[in-house]
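If you want our numbering, it's the position in the sequence shown, counting the first as 1, plus 14.
Beta carbons: idealized from backbone N, C-alpha and C, even for Gly.
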Amino acid sequence: ARFRAAMRAIGVTEISLQGRVIRITPVALADSAQLRLTRLAPDSVYKPGSQVLSVRRPVGPDEPLRGVALLDWLHRLVTDLVGSPVAKITTH
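In structure tokens form, the structure reads like this:
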């Protein structure tokens, strides 16, 4: 719930997982953030017209990230790109 609230606070209304691709929308990225995206997630696709960001689901040592690990990764990615202070997701 905390992750969802944090995403809503920065304007993200939808995050969906389709196979190995995570789709985040709407995301408005400045030119500098788009360059940073190519470094952080080289296989990503950003469509500025529709403000859709598609990134490949990260893979851990043995399998794709899931649960809190996936939420933490998404948190870091969005924070690095948008620059908004989003609270870290914890498992308490």
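Query	Result
Closest by CA to Val35, which one among Pro56, Gly63 and Ile24?	Pro56
What do you get for Ala19, buried or exposed, if any count of 16 or more other CB atoms within 10 angstroms of its CB means buried?	exposed
Is Tyr60 closer than 8 Å to Leu49 when the C-beta atoms are compared?	no
Ala101 by DSSP, collapsed to three states: which one?	With a pLDDT of 49 at Ala101, under the threshold of 50, the modelled position of that residue is not reliable, and no figure is offered here.
Could you tell me if Leu31 is buried or exposed, where buried requires 16 or more neighbouring beta carbons within 10 angstroms of its beta carbon?	exposed
Compute the Euclidean distance between the alpha carbons of Thr93 and Pro75, then round it to the nearest angstrom.	24 Å
May I ask you to report which of helix, strand or coil DSSP gives Val96?	helix
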